[in-house]
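See structure below.
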Amino acid sequence: MNSAFLRFRLRQSGKFIREIPVIYLVVMVGLLLIPGIALYQFTKDLKGSLIIAAILLALLSLLQLRRKDYRFIFLTEENGWKVFSMDYFLLSLPILIILLVNSFWYISLAIIAGCIGISFIKQPFHRTKKGMEAPGWIPAEAFELRAGIRQYGGLLLILYLSAWIGLLLPFASLASLWFFTVVLSDIFRFSEPVQILCAQERPANRFLHRKLLLYLKLSIYAIIPVCAIYMLLYPQHWWLILTFLVGVSLNIALFIVNKYAHYLPNTKITGGQVPITTAVISIFLPVFSPVVLFFLIKYYLAACRNLTIYLYAYNPESASRI
Amino acid sequence: MLTIRNLQVEYKKESPILKGIDLSMESGKIHGLVGLNGAGKTTLLNTLYAFIRPSEGSICYNERTLKRRDIAYLEAENYFYPYMTGREYLNLFPAGKNGFETDSWQQLFHLPLDDITENYSTGMRKKLALLGVLKPDKPIVVLDEPFNGLDLESAHILTLILQQLREGGKTVLVTSHVFETLTSSCDQIHHIDHGIIGHSYSREQFGMLQKLLYSTIEDQASDQIKKLI
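As C-alpha cells, then:
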C-alpha cells in the first residue's frame with residue numbers, strides 16, 4: 125500500500141488538531157465525551173452494537189459514493205481500495221475501540237471487513253443536478269439567490285408555503301420565515317470570480333450599496349405579504365412583526381457585508397460564523413440586535429476596504445494607475 | 014496605441030517581477046506575448062487590468078492613462094459561481110455597442126447555456142468565459158492562454174474571432190504556451206524574459222523567435238534530460 129497516504133492522513137489529523145485553540149480543544153473533548161459515553165453505554169449489549177455497526181457502515185458507504193478524491197486516488201495508487209479501506213479503518217477506530225472495550229471483538233472484525241468491502245464500491249459518474257429553476261423576475265445581478273434557489277429551492281418553497289399555512293396559528297409563520305432567512309444565510313458563502321465583481325464597473329461602496337439594496341428589496345418583497353396578513357390576523361403582535369422585520373433586514377445586510385468582508389475570488393467563505401450565528405439567534409433574542417448592528421457596521425467597513433482592493437480601478441479619483 | 018513605459022512590479026521589496034517593461038502596441042493588430050514560465054506574462058496582464066498596482070511606470074491608451082474600463086480580460090483559469098447557468102453568467106455582463114446576441118454565439122460554440130457550469134467541459138468553460146469577455150465590446154482585449162482546452166474546431170473559430178477583432182480596430186493581446194497558435198494569428202510577438210521585453214518580432218521574424226526560444230530551452234534542458242532518461 126502507498127504508505128505516503130497514511131502519513132498524509134496522520135499529518136492532516138495532526139494539523140487539524142493543532143489549529144484548534146487549546147481552550148476550544150478542551151471544550152470539544154469535554155463535549156465529545158458525552159456522545160462517547162452514550163455510545164459506550166449503547167454498545168454494551170449486542171443489539172446496540174449491531175445497530176451502531178450498521179449505521180457506521182452505511183455512513184462509510186455514503187462517503188465512498190460521494191468522496192471527491194475518488195479519481196485522484198486511482199491516479200496515484202493502482203489499488204485504490206487499499207487507501208479507501210485505510211481511511212475507513214481510521215475513521216472507525218474510536219468505535220472499534222469502544223466495541224473492543226465492550227468485548228464485541230467479532231463486531232469489530234465485521235466492521236473492518238465492511239470497511240474493506242465498502243472500498244470496492246465503485247463511484248458512479250454523475251452530473252451535477254441543475255435543481256429548481258429560479259423565477260425569471262429575479263434579476264441576473266442577484267445571482268447568489270438564483271444559484272441558491274437551484275440548490276435549496278425545494279426547502280425554500282416548503283418554508284415559504286408553510287409560512288402562509290402557518291398564518292392559521294400565532295407565531296408559526298414567523299418561525300417559518302425565520303428558517304427561510306437561515307437558509308438564505310447559506311447562499312452567500314461563495315465568492316464570485318473577479319470578472320463578475322468587476323462586470324458592473326462600480327467603486328466598492330457603490331457596489332456594496334447596490335447589492336444591499338437589491339437583496340433587502342427582494343427579501344422584503346417576499347416577507348412583507350406574509351407579515352401584512354399576520355398583522356391583520358393578530359394585530360396585538362404588531363410590535364413583534366416590526367421587530368422581526370428589523371431583525372431580518374439586519375441579518376440579510378450582515379450576510380452580504382460578511383461575504384464581501386471575507387471575499388477572496390473563487391473561494392468558499394468560512395469567516396464570520398460567530399456574527400452570523402448571533403444574527404440568526406437575535407431574531408428570538410432581540411437583546412442581541414445591538415451586537416448584530418455592531419458587526420454590521422464593522423463588516424461593512426471591512427467589506428469596503430476589501431472590495432477596494434479589487435475595485436479601486438473604478439474609483440473616480442483613481443486617474444493615475446500608480 | 015497602448016503604450017507601456019518603464020513598468021515595474023514587485024510583490025516583495027527588492028524582488029521585482031517586472032523590471033521596466035517598455036512596449037507599444039498598435040491598435041488594429043493582434044499582439045502575442047511569449048515567455049517561459051515565471052517570465053512575468055500573467056503579471057503583466059494583471060497589471061494591465063489593474064489587478065496589480067505597479068511600483069513605477071505608466072500605461073497609456075491613446076495618450077491618456079489606461080482605465081480598466083478600456084479592457085476586457087480573459088484569465089487563464091476560469092472559475093464560475095456554483096449552480097449558475099451559462100446564460101446567467103453572460104447576463105451579468107453589460108452588452109457593448111456590438112449588439113451581442115447570446116443565441117447566435119451559442120449556435121457558433123454549441124454551448125448548453127441553460128445548463129449549470131458544473132456540467133461543462135474544460136473547453137466549454139473556456140468558451141463561456143471568452144463570451145463574457147467579448148460581450149462588453151471593449152477596445153482592448155487581453156486573452157491569457159485562450160486556446161487552452163479548446164478542440165480543433167473551437168481553436169480555429171477563436172483564430173477567426175481574433176482576426177475579426179483586429180478588423181474592428183481593437184488592440185488584442187494574446188498569450189499561449191503553444192507557439193504555433195500565436196504565429197498563425199498574431200501580427201507581432203513580444204518576447205518577455207525575466208521581467209523585461211527582450212524584443213518584439215514582426216510576422217516575418219517569427220521563425221527567428223522560434224529558433225531563439227527553442228535553442229534557449231535546449232541549451233538549458235537537453236543535458237539534464239539526457240541524464241534523467
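Protein chains in written order, with our numbering: chain A, 125 to 446; chain B, 14 to 242. Where is the CB? At the ideal position from N, CA and C, for every residue including glycine. The structure displayed is predicted, hence computed values, not measured ones.
Taking C-alpha positions only, I221 of chain A is separated from S127 of chain A by approximately 23 angstroms.
One thing to note: V318 of chain A has its Cβ no nearer than 8 angstroms to the Cβ of L279 of chain A. Within the region 52-72 of chain B, those residues whose Cβ lies closer than 9 angstroms to any Cβ of chain A are, in chain order, T60, Y62, A63, F64, R66, P67, S68, E69, G70, S71 and I72. For G204 of chain A, the closest of A:F129, A:L369, A:V146 and A:R326 by C-alpha to C-alpha distance is A:F129.
For G255 of chain A, at least one C-beta of chain B is nearer than 8 angstroms to its own C-beta.
Taking a C-beta distance under 8 angstroms as the contact criterion, A63 of chain B and V154 of chain B do not qualify as a contact pair.
DSSP, reduced to helix, strand and coil, places S209 of chain A within a helical segment of the structure shown.
The beta carbons of S209 of chain A and I240 of chain A sit closer together than 8 angstroms.
Three or more Cβ pairs closer than 8 angstroms define a contact, and the region 154-166 of chain B falls short of that threshold against the region 103-111 of chain B.
Taking 3 residues as the shortest admissible run, the region 31-93 of chain B contains the following complete beta strand (DSSP E) segments, listed from N- to C-terminal end: 42-47, 69-74 and 84-87. Close partners of L105 of chain B in chain A (Cβ separation under 8 angstroms): A264, E265, F267, I320 and A323. Below the 7 angstroms Cβ cutoff, chain B contributes no neighbours of F196 of chain A, its closest Cβ being approximately 17 angstroms away. With a threshold of 8 angstroms between beta carbons, I30 of chain B makes no contact with chain A.
The three-state reading of DSSP puts S216 of chain A in helix, counting H, G and I together. For chain A, the residues of the region 80-92 of chain B that bring a beta carbon within less than 8 angstroms of one of its beta carbons are K80, R81, R82, Y86, E88, N91 and Y92, in chain order. Per the C-alpha coordinates, the member of A:A403, A:L431, A:L420 and A:L374 positioned closest to L321 of chain A is A:L431. Judged by pairs of C-beta atoms under 8 angstroms, the region 338-349 of chain A touches the region 373-384 of chain A, as three or more such pairs exist.
In terms of Cβ geometry, A89 of chain B and T60 of chain B do not form a close pair [threshold 8 angstroms].
G145 of chain B belongs to the set of residues whose beta carbon lies under 8 angstroms from a beta carbon in chain A. When C-alpha distances from H123 of chain B are compared across B:E131, B:P107, B:L105 and B:L144, the shortest belongs to B:L144. Within the same chain, Cβ atoms closer than 6 angstroms to the Cβ of N226 of chain A are found at T167 and K168, the five residues on either side in sequence being excluded.
Residues of the region 197-213 of chain A whose Cβ lies closer than 7 angstroms to any Cβ of chain B: none.
In this model, Q324 of chain A and H386 of chain A are separated by some 20 angstroms (Cα to Cα). Going by beta carbons, I72 of chain B and I30 of chain B fall outside the 8 angstroms limit. Counting of Cβ neighbours within 10 angstroms places N19 of chain B among the exposed residues, the total staying below 16. Residue contact check for N382 of chain A against chain B: no CB pair falls below 8 angstroms. Where V411 of chain A is concerned, there is no enclosing beta strand (DSSP E), because DSSP gives it neither an H nor an E. For secondary structure counted as the alpha helix (DSSP H) over 4 or more consecutive residues, the region 117-154 of chain B holds these complete runs in sequence order: 135-147. Taking a C-beta distance under 8 angstroms as the contact criterion, I242 of chain A and L174 of chain A do not qualify as a contact pair.
Judged by their CB atoms, Y384 of chain A and A437 of chain A are not nearer to each other than the 8 angstroms cut-off.
In the same chain as K80 of chain B, and ignoring 5 residues on each side of it, no C-beta atom comes closer than 7 angstroms to its own. The three-state secondary structure of F314 of chain A, taken from DSSP, is strand.
In the DSSP assignment, the residues bridged to Q21 of chain B are B:K32 and B:E69.
Cβ contact annotation for P410 of chain A (same chain, cutoff 8 angstroms, sequence separation greater than five): T367 and G371, in chain order.
The C-beta distance from M221 of chain B to Y214 of chain B rounds to 7 angstroms, short enough to fall under 8 angstroms.
With a cutoff of 8 angstroms on beta-carbon distance, R133 of chain A and L214 of chain A are scored as near each other.
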